[in-house]
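To start, the structure itself, in structure tokens.
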Amino acid sequence: MQRREFFKKMGSVVAVSAVIPMMSFAEEAKKLVGPNEFSYEKALNIITSGKGATASPKVTLKAPEIAENGAVVPVTVEVESPMTESDYVKTIHIFATKNNNSRCISVHLTPANAKAMFSARIKLGSTQDVVALIEMSDGSFLSAAQSVKVTIGGCG
């Protein structure tokens with residue numbers, strides 16, 4: 161097998177494995193709340209089974225206070241966790257509370273990750289809160305939120 165062929169095939173495998181979970185979530189969301197709306201409150205209730213989440217100083221959410229371009233807002237989430245087999249961050253969910261589909265991304269972790277941290281760029285339709293919802297291995301949920309003001313062309 162040629163090197164280029166190998167990398168082409170690996171790229172295809174990675175692309176397919178990234179798309180299939182998102183397709184299943186989209187179908188699940190349509191069944192639960194309709195095709196054009198997946199509000200933050202509904203998503204929070206579904207994910208936490210109605211338990212809700214506790215704001216925690218262990219969760220650090222970094223996002224700009226003012227975003228000049230709502231299409232590419234950088235967000236970083238870090239969680240203080242030992243990341244051992246018995247105590248680790250299971251999932252990091254990032255929400256944009258006023259978007260039609262508020263769930264931006266969900267990242268599943270294992271103790272092999274060694275550090276509970278994730279960075280991404282998300283799309284914000286307007287000024288709103290960005291929320292990080294953390295699912296721990298013991299079934300508890302932690303959260304952190306930050307308001308982000310979206311400006312048009314940086315003109316406020």
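Sequence positions in the sequence shown follow the numbering used here and run 161 to 316.
Where a beta carbon is used, it is the ideal one built from N, C-alpha and C, also for glycine.
Values in this document were obtained by computation on a predicted structure and should not be read as measured data.
Near residue i, what residues of its chain come up, given a Cβ to Cβ distance below 6 Å and the 5 sequence neighbours on each side ignored?
i: E245; result: P271
i: K309; result: I226, T287
i: A231; result: K283
i: H268; result: T251
Could you pull the start and end residues of the alpha helix (DSSP H) that residue i belongs to?
i: A305; result: Looking at the DSSP string, A305 is not in any alpha helix (DSSP H); the run it does join, the beta strand (DSSP E), is 301-310.
i: T220; result: Here T220 belongs to no alpha helix (DSSP H); instead the beta strand (DSSP E) covers 219-222.
i: E201; result: 200-208
Could you give the first and the last residue of the continuous beta strand (DSSP E) run that contains residue i?
i: T236; result: 233-239
i: E245; result: Counting along the chain, E245 falls outside any beta strand (DSSP E), and DSSP gives it neither H nor E.
i: D289; result: 288-296
Looking at residue j and residue i, is the spacing between their C-beta atoms short of 8 Å?
i: K250; j: E295; result: yes
i: D289; j: T257; result: yes
i: L293; j: S307; result: no
i: V233; j: P224; result: yes
i: S262; j: A203; result: yes
DSSP state of residue i, grouped into three classes?
i: M277; result: strand
i: T251; result: strand
i: M170; result: helix
i: A272; result: helix
Please return the same chain residues whose Cβ sits closer than 8 Å to the Cβ of residue i, not counting the five positions on each side in sequence.
i: V239; result: K218, V219, T220, V249, I252, A276, M277, I294, L302
By Cβ distance below 7 Å, which residues in the same chain neighbour residue i in space, the five residues on each side in sequence not counted?
i: A274; result: M243
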